[in-house]
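**Q** Residue numbers (this note's numbering): 4 to 168. Sending over a structure as structure tokens; questions will come in a sec.
Spelled out as structure tokens, the structure:
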């Protein structure tokens, strides 16, 4: 059976529209994910760096961190910072030191910030998120150089980042 010109035109137009829809949806998804990553960096990580520097400049006392009391340490630090009038970054969780990065098409990331006097340790980053943050902070994604360094966690599925401030 021979195809008519009209049938070929309809099939070609259908394929073209489906292809265009795929391109638009994938570009939209990439744009949304980029916005979520930028928001995480600019509205959360950078504001923690600013809060830590402000707290250090007002000679705030840092809670004692013994290596095992992560949450208790951060709760104490948050209380100290609030008492000095330092504005903490907004988080999308109840605690200002945790953040959930939920991008389209990727596994949800539960991120924890441990802010020490001279560095910020970021737990729970994926490889992709670490590389994006490293691009913002250092200008290149290299886990062994620059102010933001990273190593793979014991579980092997996330990266622990060390940000010198």
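All C-beta atoms, glycine included, are put in the ideal place defined by N, C-alpha and C.
Return helix, strand or coil for residue 154, following the three-state DSSP convention.
**A** strand
**Q** Could you check where the beta strand (DSSP E) with residue 103 kicks off and where it finishes?
**A** 101-104
**Q** Determine the direct distance from the alpha carbon of residue 67 to that of residue 83, and round the result to whole angstroms.
**A** Cα-Cα distance, rounded: 12 Å.
**Q** Determine the direct distance from the alpha carbon of residue 144 to that of residue 134, and round the result to whole angstroms.
**A** Here the alpha carbons of residue 144 and residue 134 stand approximately 5 Å from one another.
**Q** Within the continuous beta strand (DSSP E) that includes residue 162, where are the two ends?
**A** For residue 162, the uninterrupted beta strand (DSSP E) segment begins and ends at 162-167.
**Q** Once DSSP output is grouped into helix, strand and coil, what is the label at residue 127?
**A** strand
**Q** Is there contact here, the stretch 46-60 with the stretch 24-38, by at least three beta-carbon pairs under 8 Å?
**A** no
**Q** Going by DSSP in three states, residue 148 sits in which element: helix, strand or coil?
**A** Judged by DSSP in its simplified three-state form, residue 148 adopts coil rather than helix or strand.
**Q** Which first and last residues belong to the beta strand (DSSP E) in which residue 113 is found?
**A** 112-118
**Q** For residue 9, name the three-state secondary structure that DSSP assigns.
**A** helix
**Q** Tell me the DSSP bridge mates of residue 57?
**A** Per DSSP, none; premise fails for residue 57.
**Q** Check whether the Cβ atoms of residue 109 and residue 36 sit closer than 9 Å, and answer yes or no.
**A** yes
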